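First comes the structure, then the notes that go with it.
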Amino acid sequence: MMAGDGTLALAALLLHATAFLVLAIAAPLRRLGRPAAYVSILCAAGSLAAAVLSWRAHTGEAISRLVWTWLPSEGQTLATVGVLADADSTVMLTLVALVALLVQVYSLGYLSDERAPSLGRYYAYQSLFAFSMMGLVLAPNFVQLFICWELVGLCSYLLIGFWYERPAAARAALKAFWITKTGDVGLLIGIVLIWRHTGTFDLTEMRVLAGNGAIPLAGLSVMTFCIYLGAVGKSAQFPLHIWLPDAMEGPTPVSALIHAATMVTAGVYLLHRTDWLFALTPDVLAIVVWVGAFTALLSAVLACVQNDIKRVLAYSTISQLSYMMAAIGAGFSGAGFLHLLTHGVFKALLFLGAGAIIHAVHSNDLPDMGRLARRMPQTAIVFTVGALSLAGLPLFAGFLSKEEILGAVLAGGFAAPFAMLVLVAFLTAFYMFRVVFLAFFAAPPAGHAGAAAASGAPHVADASHHASHGAAAHEPHEPPSSMLLPLWVLALLSVATGVFFTVVHPEPEFESPAWLMPVGVGSAVAGILLAWATYQRRAIDAASLAAAFGPIYRGALARFWIDAVFERAYRLALLGFSRLVGWIDRYLVDGVLNVLSAWTVQAGDDLRTMQTGRVQDYVYGIAVGLLVLLLWVQFN
Amino acid sequence: MGLQAYLTLAAVVFCIGLFGVMTRRNTIGILLGIELMLNSVNINLVAFARYSGDVTGMVFTLFTICITVAEAAVGLALVILLFRVRRTVTADHLDLLKG
Amino acid sequence: MDRLPILSIMTWAPFASALVIMFFARRRPLLVRWTSVAGTGVSLVASIWVYWTYDRVRAGFQFQEEFSLVPSLGISYLAAVDGISALMALLTSIIIFAGVFASWTTKQRSQEFYALLLVLVTGVYGVFVTLDLFVLFLFYEIAVLPMYLLIGIWGSSGDVRPQGIFGWAMGRTGVGTKEYAAMKLTLYLLFGSAFILVGVLALFVATGSRTFSFLELQQMRFDPALQSWVFLAFYVGFGILAGIWPLHTWSPDGHASAPTAVSMLHAGVLMKLGAYGVVRVGMGLLPDAAVDWAWLVGTIGCINIVYGALSAMAQTDLKYVIAYSSVSHMGVVMLGAATLTPNGLNGSVFQMFAHGIMTGLFFALVGLVYEKAHSREIFKMSGFGTMMPGIATAFTIGGLSSLGLPATAGFVAEFLTFLGAWTSDYRWWLFPAVIGAFLTSVYVLRVAGQIFWGPKSADPHFQDLADAQGPEWAALGILVFVLVLFGVAPSIAIGPVDTATGPLLRRLIGQ
Amino acid sequence: MTFETLTLLVPELALFALAVVVLLIGAVRSSAYVGRGPLAEVSRGPAGWTTLLGLGATFILTFTVREGASLLDGAFVQDSLALFAKRLFLASAAISLLGSLTLRTGAFSRRSAEYHFALVASLLGMSVVASARELVLLFVGFELMSIPLFLMTGFLKREAVVPEAALKFFLVGTASSAMIVYGMSFVYGVAGSTMLSDIPPPLRDGPPLLMLGMAILLAGLGFKIAAFPFHMWAPDTYEAASPPFVAWLSVAPKAAGFVVIIRLYLAGVGTAALVWTPVIAVLAGMTMVTGNLMAIPQRNIKRLLAYSGIAHIGYMLVGLAALSSSGVAMMLFYLVAYTFGNMGAFLVVQAVAQSEQSDGIDAYRGLAQRSPLLALAMLLFLLSLGGIPFVAGFWAKLYVFWAAVERGMYGLVFLGAVLTVVALYYYLLVARRMYIDAPERPEPVQVPGLLGVAIVACVIGVVGMGLYPAPWVTLAQRVASTLFS
């Protein structure tokens, strides 16, 4: 019999940790670049194996728990670290391990022009991320969860700012960190509150308590809401969604791994992990649904107007995450989790496909692309598979999970959110196929020769990065095999999952009406058709389509001013207020001190005038002293 | 009644002396004021001695007189010294040292 | 005494090396440095040894050494450590050991510099290991005074102009010069020590002028009225050194003007000395007053956290940012202590350690940057990360610890403090604390981003700057390692600390 | 007069003999021997060397005196306080002499006999004051002490400020002498006797006339110790006179004044003494405040030390204000610590003034780089005056505060402690000149050998007391306890 699933999961976790430590400490190795990458990939491969084994080894509802004391208090254990391997965590672990491995392999090709020390640094970050993400997935308690939660945020920061010499990347990294940190403030408060409320950090213990009804309900809503705030930040829910599109300044593989498949789903995962807790606070769950549905719609609209291929995908990620949130809010977190898994696969595929395109055309902008299917057919195929999955067509990965979510929201009794989500399904298909048609099939617009090697201002992350080497050979071409392989793996997985779920339809937790599937599929198909008509056939003028939605279109172009509001809040409120406090400190608080010391010095100076140098004044002093003494004697 | 009168006289003399010390502009005048102050002491001592029938006060007076003389001598010497160096004996002019 | 007087060795080894430097190392700069390394190395080994062999099961004060100094007044040299002071001694050792390396390139009058630095550190050790209030006070003064010369001679002037409604006063006091900073720091801290002295004397007299021994004083229960004002005296006195608002303004000026090793030592260790004083002397000896005044200590701590963070955000001078961040972090220390809960107190002590290391690291880095770029103006520098990746990485790690990122020591401290705050009598303390951590993330990363990340500066002064070299790596390496080690495995520190905070709390609220 | 009586008077007799000898040397040595080498050094200042040796001998002779004995029905006592004070006078005079022996400035070599005669005469006066327990004796002793001091102040008569200072000192001094004796007359009148031992019995009822006399006396004594507001003569006098003399002037007469205050207001008075607590406390507070504040703006080191000296008197008064055995003991300890610190500082001033021809604080620029040891010595003295651990001044302040805390005078102690910080401000300003500022000239400051010896003696005193205060504390406590037994 092989090792238990907990041990295997731990092994998967520690393999990445090993890779990180080796790369972090052995600086010479790291600076070699490729060898460092091989170390990391090797560990990732081992980790995937361990994760898969752990997943397969896991049976039924059994829970495998390994914990060690991390923080003592009053001679007792306050917090532990370890792994909690159960059905959900092992499958999530497998997803993380898989995408991490694929992305690491893919990056070998994608970042082939990176300087060696820089590449080494990249793989060190990748390993650290994979380790932290697995730690988050396997966290047996809130403390470890929060630790890893922050660590993945850190890795996100580091990897978004990987090309830190570019101001946009540096800015985006900061933005991402700060915005998610805002949510983390809530999460931290929530954890502290719930610890005080239940007396434990441990998820298993807390679940038992919840099952026994031993958790007092008073005030619980505040706590779950605080925890949800963390998820809002991490999983880019309105209004904290603004960091994710900017996070596209990072290298595309990073976007695939962190900002599509794994880290951003941590919020969803957290809510899924603690659904028994949220179940106690239906009011918070209602907020989750509404915010989810709203965010989904908002970002879907935003996705429609983006010209940057990665931004389209970023908004689509937000939209899909909100889908999952909505399902969880509706009380059926299983549906959300399922979508999380399938989404992880096909969104990674889409991002990596987008990366291949960017790699080829040295631009992120859709107008710089066009008719790429001829030059890079394999990419076109896999990308289309991804798009179909995202659109949720039958036989593709996203189909079933999306249907489940729609059903869940409906079953939860949220009609309006359901309608919004259906609309989102339509928009999703539309914007995805807008990308597909514009990039692969339609002719590039006049003035754009196909590739952006000559484009004046390559202002977007990967583009400018690749422009440096792309100037000589600007003919788009298929990516190298190290990039193609992961693409195919993911594409096959998308299809396989889709087929698998179509064939083996799992028993849903709820009853869905029969009209649900046609509506879902229908809206997706409608979206695809609209995109085809607009961008491929050009039967409908895109400009007049936009004009039809005048205010919404203009608002979407300005990202509905949400970024601007945050920017203002940061500049005016925070920095302005801090300047005020700084001024107060320097010129009032410290000023008072200076006044006191100046007075002291001044007092000395003033007293000096007493010392006139005239001897009779000295006698005067004595006389006055004498007089005072005599008065004292008189009146004592 | 008797002692009280002497004491009052002494006090008045003392105060006149002190007043002189504080107001005379000439250093010699200040010296004279000090002499007055010291002499008021003598009145006091003698009066106390007389009324308590104790001779110690008288003896004390003798000592005081002697010392007063010594002080006057030193004082005048210093005034002469000052006059030699600074060509002035006005107290108000002595303000090189101050602050 | 049958065993080695390990605490005395630890305390006096730097002093001995200072003497060696003073008398034998004239115009031999290398000998000066290696003597310092040897002296502080001995202390480091000794403090690690003490820390390692400290018996956690037995707990209490260990490694006791005692001999009578002035028997008629009950003054004796009484040295012993418990979990808290052992950790603090370890912190001191680490910081000074790194500090010696960090100031390796001091050129001007290095003999005197190292000698004074080592004398200073003897004072710091002394405060941490001594249990005689009087001797503690002696060491306290030694730890403060050399600062005047250290800043005055080797410091650097800042860029503060007298302005505002109190501008006239600031002009008179000479704001902005290193001499001003040195004088302000020294006098402010000595002003604090005046409060401490009065408090110590009051307690001494209350014992019937019999003893200054902490162990004996601890057995007594002083009159509540006396406790009350003496606690306030200690709080103000030690609190000034701990940078409590609004008595903190010596810290930014002083730390910004001080030379690298001195800033490291001062912000890293000496401020802890203040907090340590409040916890050990204030709370340890005056339990009733500590409970009564907890609201004040904690509230001021909260103000410190938020106010310090906002002030730090407003600064344009790199050293001032770090200095204000110290003010903010010391708020966490005071808040943790004021919660009067096991977790809060553990967090407080842990924060003393964590902040010591991280701020030491920060000042070492700022010193390096300044040495190479000759600038502290944040918004003039840009993109140094490409030229000095090592420094940039270390700065980022320090910054992350500062904002309480998990896997660094800062997180554990803040987390424990948060737990403590929410379980204390004043729950709302949690919110300023958490917000402070968030604000920290804003200003720290903003600064790190401005200086190290982003496009490379076009300024001709900022081209071809070197990364850290040789001994400087030693300083950075030690500090980063400790920061991460204690973040990943906090029980190394919490274990012994826990044995000391438990009994202290039981005295406070247990009964 | 029996032989035993004479043995009790040995120190005074020795001083008297010394005075006569020095006077004779001055008379004989009219034709100056001019030459070179060590012989010339000695011959140029035979009076000085004789005085130095004589003082040493007298110091030793004080140990032959039977402690606690009294003469003339208790009018003259050689109790431990008296002997303690006399040794302090003699030791400080000797240190001062070491500093002034090397003075080459005109008058000191030509008329050294006069100077040294005055010094010995003043010492004799102080000795009498220290032992006197009778008003007439006390007054005569005071005058014997003071009049030579006026002369010594005016000794360097060619400088324009010197006669001014001397005359000011004289006028104010004589006026306060008049007050002292005026006060004494009342005391005598009420007590009916000039013996101090006869004062306490009537004091218990506190007759107004007696209180009046005591108050006037206190004002006069306030002048001697330079307490606010009777202190104004001090800075001017210190500034004009030669530093070694000032070093002594700032210590010995004040010690004498304190001895008298202790004898008049505390010793044997019992609880009635507590009447004076508020007065002395207020006096102490005011003196500390003005001394410390007025020292801040000074640019002349001698004036600065003068004001700081006034502040120190305030601290001693804090000890005195406790009006307890320990208070007196701590004040005496303070006196010794102050002696070493203050004299040492003035001797360094002498060294720098000789080399730089300036008393300005600016003359100390970069001293640490020019003469590191001299700067270190000055730093130690200043730190001692500032009350920093491991040098004498710290213990002094601490003990004084402790004595006051025992009486519950927290306010005064707190004021004193805070003012310590103010004091450190101006001391550190000097330290800043020495250590932080760059030197204007590179060459070291020349320190004559004897002056160096004197400075080293003070350093030893300051550091020794700082590191191991216990014997001094014991001594002070013993002295104080004999007064209160």
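Residue numbers (this note's numbering), protein chains in the order written: chain A, 295 to 930; chain B, 3 to 101; chain C, -2 to 508; chain D, 161 to 645. We put the beta carbon where it would ideally sit given N, CA and C, even for glycine. Just so you know, these numbers come straight off a predicted model, no measurement behind them.
Comparing C-alpha distances from Thr568(A) to each of Ala555(A), Glu368(A) and Ile521(A) shows the shortest one belongs to Ile521(A). Within chain D, the residues whose beta carbon sits less than 7 angstroms from that of Ala897(A) are Leu453, listed in sequence order.
For the pair Ala820(A) and Leu721(A), the CB atoms are not nearer than the 8 angstroms cut-off.
Bridge partners of Tyr74(C) according to DSSP: Phe64(C). The C-alpha of Val39(C) lies about 27 angstroms from the C-alpha of Ile319(A). At a cut-off of 8 angstroms between beta-carbon atoms, Glu213(C) makes no contact with chain D.
Assigned with DSSP and collapsed to three states, Thr262(D) falls in coil, not helix or strand. The beta-carbon separation of Thr89(C) and Phe125(C), rounded to 7 angstroms, stays under the 8 angstroms limit for a contact. Contact check for Leu784(A) against Leu323(A) fails: the beta carbons are separated by 8 angstroms or more. Cβ contact annotation for Gly173(C) (same chain, cutoff 7 angstroms, sequence separation greater than five): Ser154, Gly155, Asp156, Val157 and Arg158, in chain order. Burial check for Val278(C): the Cβ neighbour count within 10 Å reaches 16 or more, so the residue is buried.
Ser358(A): member of the beta strand (DSSP E) spanning Ser358 to Ser367, first to last residue.
Of the residues Leu283(D), Val225(D) and Glu227(D), the one whose Cα lies closest to the Cα of Gly214(D) is Leu283(D).
When Cβ-Cβ separations below 8 angstroms define contact, Pro395(D) makes contact with chain A. Taking a Cβ-Cβ cut-off of 8 angstroms, the neighbours of Lys328(D) in chain A comprise Val909 and Tyr912, given in sequence order. Closest option to Tyr273(C), judged by alpha-carbon separation, among Ile506(C), Val121(C) and Ala43(C): Val121(C).
In this structure, the alpha-carbon of Leu243(D) lies about 8 angstroms from that of Glu227(D). The closest CA to that of Glu408(A), considering only Gly327(A), Ser426(A) and Leu591(A), is found on Gly327(A). Shown here, Glu543(A) sits in a helix according to DSSP, grouped into three states. Contacts between Gly59(B) and chain A, judged by CB atoms closer than 9 angstroms, are missing: the closest CB pair is about 22 angstroms apart. Neighbours of Leu924(A) in chain D, taken as residues at a C-beta separation under 9 angstroms, are given in chain order as Leu372, Ala375, Ile376 and Ala379. Less than 8 angstroms separates the beta-carbon of Phe693(A) from that of Gly792(A). For Val406(D), no CB of chain B lies under 8 angstroms from its own CB, so it is not counted at the interface with that chain.
Annotation for Gly376(A): the continuous beta strand (DSSP E) segment containing it runs Gln370 to Ala379. In the DSSP assignment, Gln238(D) forms a beta bridge with Ala229(D). For Val789(A), the enclosing alpha helix (DSSP H) has its first and last residue at Ser775 to Val797. Taking a 10 Å sphere around the C-beta of Gly469(D), we find 16 or more other C-beta atoms and assign the residue as buried. Listed as beta-bridge partners of Ala292(D) by DSSP are Phe236(D). For Gln215(C), the enclosing alpha helix (DSSP H) has its first and last residue at Phe211 to Gln216.
Here the alpha carbon of Met491(D) sits roughly 6 angstroms from the alpha carbon of Val560(D). No Cβ of chain B is located within less than 8 angstroms of the beta carbon of Ala505(D).
Between the beta-carbon of Val703(A) and that of Val583(A) there is about 7 angstroms, and that keeps the pair under the 8 angstroms contact cut. Residue environment: Tyr628(D) is assigned as exposed (fewer than 16 neighbouring CB atoms within 10 Å of its CB, all protein chains considered). Using a Cβ distance threshold of 8 angstroms, Ala386(D) and Lys414(D) count as a contacting pair. Rounded to the nearest angstrom, the gap between the Cα atoms of Val227(C) and Phe574(D) is 12 angstroms.
Distance from the CA of Val639(A) to the CA of Ala389(C), rounded to the nearest whole angstrom, comes to 36 angstroms.
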